[in-house]
Amino acid sequence: MKNSVKRLGLAAVLLLAALHVQAQGANEVVRLDPALDQIISSDTKVEKLAGGFGFVEGPVWVRQGGYLLFSDIPSNAINKWTPDGKVAVFLKPSGFTGSDASDVGSQNNNGQAVVTLLGSNGVTLDRQGRVVFAAHGDRDVVRIEKDGKRTVLADRFEGKRLNSPNDLVFKSDGALYFTDPSAGLRKRDDDPRKELPFNGVYLLKDGKLQLLEKTFATPNGIAFAPGEKYLYVNDTTRKLIMRYEVRSDDTIANGKVFIDMSADTAAGVPDGMKVDQKGNVYCTGPGGFWIMSPEGKHLGTVKTPELPANLAWGDADAKTLYLTARTGLYRIRLKVAGIRP
Numbered sequence: 011m012k013n014s015v016k017r018l019g020l021a022a023v024l025l026l027a028a029l030h031v032q033a034q035g036a037n038e039v040v041r042l043d044p045a046l047d048q049i050i051s052s053d054t055k056v057e058k059l060a061g062g063f064g065f066v067e068g069p070v071w072v073r074q075g076g077y078l079l080f081s082d083i084p085s086n087a088i089n090k091w092t093p094d095g096k097v098a099v100f101l102k103p104s105g106f107t108g109s110d111a112s113d114v115g116s117q118n119n120n121g122q123a124v125v126t127l128l129g130s131n132g133v134t135l136d137r138q139g140r141v142v143f144a145a146h147g148d149r150d151v152v153r154i155e156k157d158g159k160r161t162v163l164a165d166r167f168e169g170k171r172l173n174s175p176n177d178l179v180f181k182s183d184g185a186l187y188f189t190d191p192s193a194g195l196r197k198r199d200d201d202p203r204k205e206l207p208f209n210g211v212y213l214l215k216d217g218k219l220q221l222l223e224k225t226f227a228t229p230n231g232i233a234f235a236p237g238e239k240y241l242y243v244n245d246t247t248r249k250l251i252m253r254y255e256v257r258s259d260d261t262i263a264n265g266k267v268f269i270d271m272s273a274d275t276a277a278g279v280p281d282g283m284k285v286d287q288k289g290n291v292y293c294t295g296p297g298g299f300w301i302m303s304p305e306g307k308h309l310g311t312v313k314t315p316e317l318p319a320n321l322a323w324g325d326a327d328a329k330t331l332y333l334t335a336r337t338g339l340y341r342i343r344l345k346v347a348g349i350r351p
């Protein structure tokens with residue numbers, strides 16, 4: 011009996027030790043280059059702010075008011091997090107205003123549940139501070155006016171419905187760039203409701219929608235380099251980031267592979283993406299989120315408790331990176347400030 015108790019006690023100790031190691035591994039910084047020390051302190055950790063969501067995405071910091079907005083896609087809502095730790099619904103419904111969601115796409119979440127990609131995904135702000143978001147279920151890009159009314163900015167290209175707008179970014183001149191994969195369609199690229207034969211990257215300028223690129227398998231995260239000289243767009247399926255030169259007329263040219271993540275077999279794919287004021291690129295990827303130099307060198311990976319889907323610069327100094335990661339909201343403090351709306 012005593013030996014059995016001892017064995018059980020030893021097993022419990024080993025289990026706790028294993029869980030402790032696992033927890034440590036899920037909140038650490040893998041440093042691949044000394045340059046990362048200028049970005050992240052040695053003692054920096056990812057902090058959890060809130061949890062219990064369905065699948066969170068599209069964070070954006072609202073400077074006028076000092077709070078964070080983020081999408082909870084299966085809940086069809088945009089939530090508001092305030093520094094006092096409170097979370098409230100900011101907008102519901104967000105990305106789907108219809109009555110029949112049977113044809114809306116879905117995806118596996120943490121290997122535990124299938125969530126419906128019903129609501130908004132990427133969220134940003136225009137130059138007037140109005141909320142603009144990409145809607146999965148309604149398959150459009152929407153602006154919320156100051157009086158709360160919705161204005162559809164884009165829902166069709168050459169008369170055909172968009173697939174499922176995903177993420178978006180404004181240029182300083184007011185031009186809007188967004189990605190349009192097929193994730194919000196139940197059968198994705200094979201869905202009979204898919205009207206466009208490609209998954210595109212678009213420019214919306216002066217009310218006119220222009221196709222910039224149609225060679226992506228799954229265009230997703232999108233962000234500008236400092237000075238808006240380059241536009242970064244990632245491809246979730248091919249696990250790479252492309253970099254394009256931005257022309258004076260806001261179109262793009264000379265696309266080149268910025269970094270290829272496909273050799274890394276860890277869980278996680280390129281999705282949300284942001285850039286700091288020094289030109290370093292931050293993108294979700296295998297193992298957590300990657301930090302890359304302006305030249306495309308992988309400086310390190312921040313491992314997170316849950317796989318992140320998107321990220322946003324926040325707080326007054328823009329040195330806090332907020333992470334939407336499956337069911338949780340997290341943040342990490344950095345030494346550099348980011349580019350944000």
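Remember, my numbering sits 10 above the position in the sequence shown when you count from 1.
Using N, Cα and C, we set each Cβ at its ideal position, and we do this for glycine too.
Just the C-alpha distance for residue i and residue j, rounded to the nearest angstrom, thanks.
i	j	result
Ser-303	Lys-239	15 Å
Ile-342	Lys-215	34 Å
Gly-306	Arg-198	31 Å
Phe-268	Asp-157	41 Å
Gln-34	Glu-316	Confidence in Gln-34 is poor, its pLDDT being 41 and thus under 50, which makes the residue's placement unreliable; the coordinate value appears in the next sentence. Roughly 13 Å between the two C-alpha positions.
Leu-241	Leu-250	14 Å
Trp-263	Asp-325	In the sequence under discussion, the amino acid at residue 263 is Ala, which differs from the Trp named in the question. Each residue's alpha carbon lies about 34 Å from the other.
Val-179	Val-279	20 Å
Ala-195	Pro-175	Correcting the residue identity first, residue 195 is Leu in this sequence and not Ala. Cα to Cα, the separation comes out at about 11 Å.
Asp-110	Arg-203	14 Å
Asp-9	Thr-311	Residue 9 cannot be examined here, being either before or after the span of the chain that is shown, 11 to 351.
Thr-247	Ala-276	14 Å
Glu-205	Leu-172	7 Å
Gly-9	Arg-350	Since the first residue of the chain shown is 11 and the last is 351, residue 9 is not available in this structure.
Leu-24	Glu-38	Low confidence applies to Leu-24: its pLDDT is 36, below 50, so where it sits in the model is not reliable, and the reading given next is rough at best. Taking the straight line joining both Cα atoms gives about 21 Å.
Leu-127	Asp-260	31 Å
Arg-253	Tyr-292	14 Å
Gly-68	Arg-336	12 Å
Pro-103	Phe-143	12 Å
Ala-193	Val-72	27 Å
Phe-167	Lys-58	40 Å
Phe-234	Glu-255	10 Å
Phe-226	Gly-295	17 Å
Going by the CB atoms, is the gap between residue j and residue i shorter than 8 Å?
i	j	result
Ala-36	Gly-338	no
Ile-154	Val-141	yes
Trp-91	Val-97	yes
Gly-105	Asp-148	yes
Arg-78	Ile-88	Contrary to the premise, residue 78 reads as Leu rather than Arg in this sequence. Result no, Cβ atoms of Leu-78 and Ile-88 do not sit closer than 8 Å.
Ala-322	Val-66	no
Ala-45	Leu-309	yes
When the Cα of residue i is compared with those of the options, which residue comes out closest?
i	options	result
Asn-86	Tyr-187, Ser-258, Val-256, Ala-145	Ala-145
Gly-129	Arg-137, Thr-107, Asp-136	Thr-107
Lys-352	Val-243, Val-346, Met-252	Lying outside 11 to 351, the shown extent of the chain, residue 352 is not represented and no answer is given.
Pro-229	Glu-38, Asp-245, Asp-270, Lys-55	Asp-245
Pro-191	Ile-232, Ser-182, Gly-184	Ile-232
Val-125	Leu-333, Ile-83, Gly-210	Ile-83
Leu-219	Val-133, Lys-102, Val-151, Asp-53	Val-151
Asp-270	Thr-261, Trp-300, Ser-81, Asn-290	Trp-300
Arg-137	Lys-181, Ser-258, Gly-95, Asp-94	Lys-181
Lys-132	Phe-63, Ala-335, Val-70, Pro-296	It is Gly, not Lys, that sits at residue 132 in the sequence shown. Taking only the C-alpha atoms, the option nearest Gly-132 is Val-70.
Lys-170	Thr-294, Arg-73, Asn-209	Asn-209
Glu-223	Pro-236, Phe-188, Ala-235, Asp-200	Phe-188
Leu-135	Asp-177, Lys-102, Lys-58	Asp-177
Gly-217	Glu-255, Gly-64, Thr-294, Ala-185	Ala-185
Arg-257	Asp-183, Ala-227, Gly-298	Asp-183
Val-211	Val-243, Ser-81, Thr-294, Phe-234	Val-243
Asp-281	Gly-298, Ala-273, Gly-76	Gly-298
Gly-64	Asp-53, Asn-290, Lys-58, Ser-81	Ser-81
Could you tell me which uninterrupted beta strand (DSSP E) segments, each at least 3 residues in length, are contained entirely in the stretch 141-178, listed from first to last along the chain?
-> The qualifying runs are 141-145, 150-154, 160-164.
Determine, using beta-carbon pairs with one atom in the stretch 48-57 and one in the stretch 102-118, whether at least three such pairs fall under 8 Å.
-> No: the two stretches stay apart, fewer than three of their Cβ pairs being nearer than 8 Å.
Jot down the residue ranges of each uninterrupted beta strand (DSSP E) in the stretch 238-285, minimum 3 residues, whole runs only, in chain order.
-> Under the rule that a run must span 3 or more residues, the beta strand (DSSP E) segments found entirely inside the stretch 238-285 read 240-245, 250-256, 262-270, 283-285.
On the three-pair Cβ rule with 8 Å, is the stretch 271-286 touching the stretch 312-332?
-> Note that the stretch 271-286 touches the stretch 312-332; at least 3 beta-carbon pairs, one per stretch, sit closer than 8 Å.
Jot down the residue ranges of each uninterrupted beta strand (DSSP E) in the stretch 282-323, minimum 3 residues, whole runs only, in chain order.
-> Inside the stretch 282-323, DSSP marks whole beta strand (DSSP E) runs of 3 or more residues at positions 283-285, 291-295, 298-302, 308-313, from first to last along the chain.
Jot down the residue ranges of each uninterrupted beta strand (DSSP E) in the stretch 76-102, minimum 3 residues, whole runs only, in chain order.
-> Taken in chain order, the complete beta strand (DSSP E) segments of 3 or more residues contained in the stretch 76-102 are 77-82, 87-91, 97-101.
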